[in-house]
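Beneath this line is the structure, given in structure tokens, with notes to follow.
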Amino acid sequence: GLFGVPELSCPEGFQEAQDKALQESEQLVQKACSTPPGPETVMIFDQLSDSLCRVADLADFVKVAHPDFAFREAAEEACRNIGTVVEKLNTDIELCQSLRRLLADETVLSSLDPETRRVAELFMFDFEISGIHLDEEKRKKAVELNVRILDLCNEFLIGTHIPNKIDKHVLPEHIRYNFTAEGNYLRIAGLHADCPDDLVREAAYKIFLHSNAQQLARLEELLASRNSLAQLVGYDTFAHRALQGTMAKNPETVRQFLEKLSEQLSKRTQKDFEMMTKMKMKLNPHNSMLMPWDHPYYSGVLRAERYNIDPGLYCPFFSLGACMEGLNSLFSQLLGISLYAEQTKRGEIWSEDVRKLAVVHETEGLLGYIYCDFFQRPDKPHQDCHFTVRGGRLKENGEYQLPVVVLMLSLPNSARGAPTLLSPGMMENLFHEMGHAMHSMLGRTRYQHVTGTRCATDFAEVPSILMEYFANDYRVVNQFARHYKTGQPLPKNMVSRLCESKKVCAAADMQLQVFYAVLDQIYHGKHPLKMSTTEILKETQEKVYGLPYVPNTAWQLRFSHLVGYGAKYYSYLMSRAVASMVWKQCFAQNPFDRAMGERYRREMLAHGGGKEPMLMVQGMLQKSPSVEDFVDALVSDLDHDFETFIMDS
970 GLFGVPELSC PEGFQEAQDK ALQESEQLVQ KACSTPPGPE TVMIFDQLSD SLCRVADLAD
1030 FVKVAHPDFA FREAAEEACR NIGTVVEKLN TDIELCQSLR RLLADETVLS SLDPETRRVA
1090 ELFMFDFEIS GIHLDEEKRK KAVELNVRIL DLCNEFLIGT HIPNKIDKHV LPEHIRYNFT
1150 AEGNYLRIAG LHADCPDDLV REAAYKIFLH SNAQQLARLE ELLASRNSLA QLVGYDTFAH
1210 RALQGTMAKN PETVRQFLEK LSEQLSKRTQ KDFEMMTKMK MKLNPHNSML MPWDHPYYSG
1270 VLRAERYNID PGLYCPFFSL GACMEGLNSL FSQLLGISLY AEQTKRGEIW SEDVRKLAVV
1330 HETEGLLGYI YCDFFQRPDK PHQDCHFTVR GGRLKENGEY QLPVVVLMLS LPNSARGAPT
1390 LLSPGMMENL FHEMGHAMHS MLGRTRYQHV TGTRCATDFA EVPSILMEYF ANDYRVVNQF
1450 ARHYKTGQPL PKNMVSRLCE SKKVCAAADM QLQVFYAVLD QIYHGKHPLK MSTTEILKET
1510 QEKVYGLPYV PNTAWQLRFS HLVGYGAKYY SYLMSRAVAS MVWKQCFAQN PFDRAMGERY
1570 RREMLAHGGG KEPMLMVQGM LQKSPSVEDF VDALVSDLDH DFETFIMDS
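The opening position of the sequence shown corresponds to residue 970 in this note's numbering, with each subsequent residue numbered one higher.
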């Protein structure tokens, strides 16, 4: 069966696995309600969470990645059914009472260790955001809102990807071939950001981002429903609710962080825009005003002109085997951990090119498994991501339930007889996703509710972004980057140039991220919104980003992150700030420092989500960083390295 789960040898097995989980959960609910308040209550709640998550998490992965439609469909159904049960349990008054009794009993509460107490509070938080403390009528309303929000999220997400069609005669004949023809129409499915023809990018931008009444209505209802739900359960805004338990803690801190960052970036961003404008004038003297569709293209042109980074020159040094060896060597030096390839049993994997790795510590033994689903195949989503398939936890019999994760990439299939070669970007993504996997393996918490990456969104990206710093350090790269034919190492200046090229227009790129994050905060802030979502977009774009708004466009209708990262889009920037500080303070001097590796494991990875994120950061940095520290860390990363600069000049 898939992942070694015997029921899942066929799609129908999902029904069986789901029924088993639901039966188990009913027994655990009864047990929780009849157990006197104490640490055992939290243990039972975690078992309950585990029995449902073991099916739901696995199904979450299978529904997007399995090549067989029947498996995907069965997994989708299981996700829906388990989701419904979770919603019901979150509004089960008797179940909530058993936890409330525990949290109200001062004597029992003071006897709990910090992790158990935090897990109990997190479970209580789940109850409260479902409106458990409300009267029956309001509780019913909360459930209805939750269901409606889920539907709206799915509909909005689908809408963000739907192509737009336009009568082909509207476009000049010489650019039509760039788009897919359907009869008399042309299909515009994206922004064509890399196309050298300004007119193609302009047409794609204006047509793909053209406002759509249906999608607009969905977004407005989604934002209003989120706000109603947040207010119903006692928060000022949806952002206040979403930021509970994060590093930032509240919208005020996020606002300060984004404002200060924007302020620090403004001069550099202006300079970047000026350079892009000059480049546009050089290539297109008739039309030199910089527009939003120019930014990604001209920053790429500047990068190529200044550093001539041809991915083809780098790929031969980054064979997949060499990169995996590099990761293995790095983990072994930093953390005493090795990766071993394991044989899989029949039916355990969903595609024959999936590899299973055992993660083994030199003294602690087997820590868990990583399934590597690295190659492109038809129907497989083109995104790189990390899935938790089973969370780690301490079982009732004293054994540890080993975590299981999947790393999904979309690497090209290699030509016969040649190894798979990665571009520098793919290599960095591999390191990034491996950072998540190590968090899952080393976040060995007692409770699966807070295992590994089950932590605050603005902390979850820290371990993965930190790995990017390792991937960009010559001392690390030099350990594994060898030409697959000659064995020759990758020259040092090639690595430095690659790192420096990433800083070209990096301020403008970061400013764009700030704009998205500010927009997300406003949309999830005080309601009713003072203007339409499109008017807010226009005002924010001109104020925060600086490139003009294009009439009749509505970029927010393509902003798919509003679904999974509602009020939390800033997380990526804040995680990067923390990762940058950890790198500079702890690893920049020696990226293989075992003592630092152990401190990193002890302070940041080991707790999963079982400790307040800011306390983990303080433990690692041995000081409490301020908003200004975060901003300085991000901005100082934009400075050019003097040595490379001189060499290149």
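Ideal Cβ placement from N, Cα and C applies to all residues, glycine included.
Here the structure is a predicted model, which is why all the values come from computation and not from measurement.
Give me the residue from the options with the minimum Cα distance to residue i.
{"i": "Thr1129", "options": "Ala1199, Ala1523, Val1077, Leu1607", "result": "Ala1523"}
{"i": "Lys1471", "options": "Ala1273, Val1419, Glu1368, Val1445", "result": "Ala1273"}
{"i": "Asp1353", "options": "Gly1566, His1330, Ser1433, Tyr1309", "result": "Ser1433"}
{"i": "Asp1427", "options": "Ser1540, Leu1526, Cys979", "result": "Ser1540"}
{"i": "Phe983", "options": "Ala1044, Glu995, Asp1601", "result": "Ala1044"}
{"i": "Gln1587", "options": "Asp1601, Thr1238, Arg1568, Ala1172", "result": "Arg1568"}
{"i": "Lys1619", "options": "Asn1447, Val1223, Arg1359", "result": "No statement about residue 1619 is possible, as the shown extent of the chain runs from 970 to 1618 and does not include it."}
{"i": "Leu1516", "options": "Met1543, Gln1480, Ala1111", "result": "Gln1480"}
{"i": "Leu1376", "options": "Val1358, Arg1362, Gly1386, Ala1186", "result": "Val1358"}
{"i": "Ile1127", "options": "Ile1278, Tyr1174, Pro1005, Ala1158", "result": "Ala1158"}
{"i": "Val974", "options": "Asp1348, Ser1465, Tyr1485, Lys1314", "result": "Lys1314"}
{"i": "Ala933", "options": "Thr1206, Lys1512, Ala1602", "result": "The structure shown has nothing for residue 933, since the chain only spans 970 to 1618."}
{"i": "Phe1400", "options": "Cys1292, His1330, Val1419, Leu1259", "result": "Cys1292"}
{"i": "Glu1113", "options": "Asp1104, Gly1334, Ser1099", "result": "Ser1099"}
{"i": "Trp1552", "options": "Gln1345, Pro1520, Met1583, Val1431", "result": "Val1431"}
{"i": "Ala1217", "options": "His1179, Thr1238, Leu1584", "result": "Leu1584"}
{"i": "Leu1064", "options": "Val1033, His1035, Asp1015", "result": "Asp1015"}
{"i": "Leu1178", "options": "Phe1528, Leu1590, His1576, Arg1108", "result": "Phe1528"}
{"i": "Leu1078", "options": "Val1033, Pro1497, Pro1008", "result": "Pro1008"}
{"i": "Leu1303", "options": "Pro1280, Gln1184, Glu1331, Gly1421", "result": "Glu1331"}
{"i": "Cys1474", "options": "Gln992, Met1565, His1609", "result": "His1609"}
Could you tell me which residues DSSP pairs with residue i in its beta bridges?
{"i": "Arg1362", "result": "Gln1370"}
{"i": "Gly1337", "result": "Val1328"}
{"i": "Leu1380", "result": "Phe1344"}
{"i": "His1355", "result": "Leu1376"}
{"i": "Tyr1154", "result": "Asp1136, Glu1151"}
{"i": "Thr1311", "result": "Residue identity check: residue 1311 is Glu in the sequence provided, not Thr. Glu1311 is bridged to Lys1325."}
{"i": "Leu1390", "result": "Ser1288"}
{"i": "Ile1306", "result": "His1330"}
{"i": "Thr1522", "result": "His1179"}
Going straight from the alpha carbon of residue i to that of residue j, what length do you get?
{"i": "Cys1284", "j": "Ala1450", "result": "10 Å"}
{"i": "Ala1384", "j": "Lys1137", "result": "38 Å"}
{"i": "Asn1462", "j": "Glu1469", "result": "10 Å"}
{"i": "Asn1219", "j": "Ser1549", "result": "22 Å"}
{"i": "Arg1324", "j": "Gln1312", "result": "8 Å"}
{"i": "Gly1337", "j": "Gly1367", "result": "16 Å"}
{"i": "Ala986", "j": "Ser1235", "result": "54 Å"}
{"i": "Glu1294", "j": "Ala1039", "result": "37 Å"}
{"i": "Leu971", "j": "Val1024", "result": "12 Å"}
{"i": "Phe1125", "j": "His1209", "result": "23 Å"}
{"i": "Gln1370", "j": "Lys1364", "result": "6 Å"}
{"i": "Glu1056", "j": "Ile1118", "result": "13 Å"}
{"i": "Ser1618", "j": "Gln1448", "result": "Unreliable placement is indicated for Ser1618, whose pLDDT of 47 sits below 50; the coordinate value is still reported in the next sentence. So the two alpha carbons sit approximately 28 Å from each other."}
{"i": "Asn1196", "j": "Tyr1492", "result": "10 Å"}
{"i": "Phe1561", "j": "Asn1441", "result": "14 Å"}
{"i": "Arg1444", "j": "Glu1437", "result": "13 Å"}
{"i": "Ser1595", "j": "Asp1606", "result": "17 Å"}
{"i": "Leu1574", "j": "Ala1425", "result": "13 Å"}
{"i": "Glu1097", "j": "Asp1061", "result": "11 Å"}
{"i": "Ser1018", "j": "Leu997", "result": "10 Å"}
{"i": "Asp1348", "j": "Pro1036", "result": "7 Å"}
{"i": "Tyr1309", "j": "Pro1372", "result": "16 Å"}
{"i": "Glu1572", "j": "Leu1435", "result": "15 Å"}
{"i": "Val1169", "j": "Asp1263", "result": "11 Å"}
{"i": "Ser1636", "j": "Gln1345", "result": "The requested residue 1636 does not occur in the structure, where the chain is confined to residues 970 to 1618."}
{"i": "Phe1207", "j": "Gly1578", "result": "22 Å"}
Write down the C-beta distance between residue i and residue j rounded to the nearest angstrom, noting that I regard them as a contact closer than 8 Å.
{"i": "Tyr1416", "j": "Val1088", "result": "5 Å"}
{"i": "Ile1135", "j": "Asp1166", "result": "That belief does not hold up - the Cβ atoms of Ile1135 and Asp1166 are roughly 17 Å apart, past 8 Å."}
{"i": "Leu1326", "j": "Ile1306", "result": "Not a contact, Cβ separation roughly 11 Å."}
{"i": "Gln1233", "j": "Val1600", "result": "6 Å"}
{"i": "Asp1162", "j": "Leu1140", "result": "Here residue 1162 is Ala; the residue named in the question, Asp, does not match the sequence. So it is not a contact: roughly 18 Å between Cβ atoms."}
{"i": "Asn1059", "j": "Asp1095", "result": "6 Å"}
{"i": "Val1519", "j": "Pro1261", "result": "6 Å"}
With a threshold of 8 Å between beta-carbons, can residue i be considered close to chain B, or not?
{"i": "Cys1284", "result": "Looking for chain B here will not work: only one protein chain is present."}
Practice task
Taking 8 Å as the threshold, find out whether the region 1492-1511 comes into contact with the region 1234-1251 through three or more Cβ pairs.
Solution key: no
Handout entry: Contact between the region 1545-1562 and the region 1381-1396 (3+ Cβ pairs under 8 Å)
Key = no
Problem - Cβ contact (3+ pairs, closer than 8 Å) linking the region 1061-1072 and the region 995-1007 - result: yes
Practice task
Would you be able to state if there are at least three C-beta pairs under 8 Å between the region 1139-1156 and the region 1073-1088?
Solution key: no
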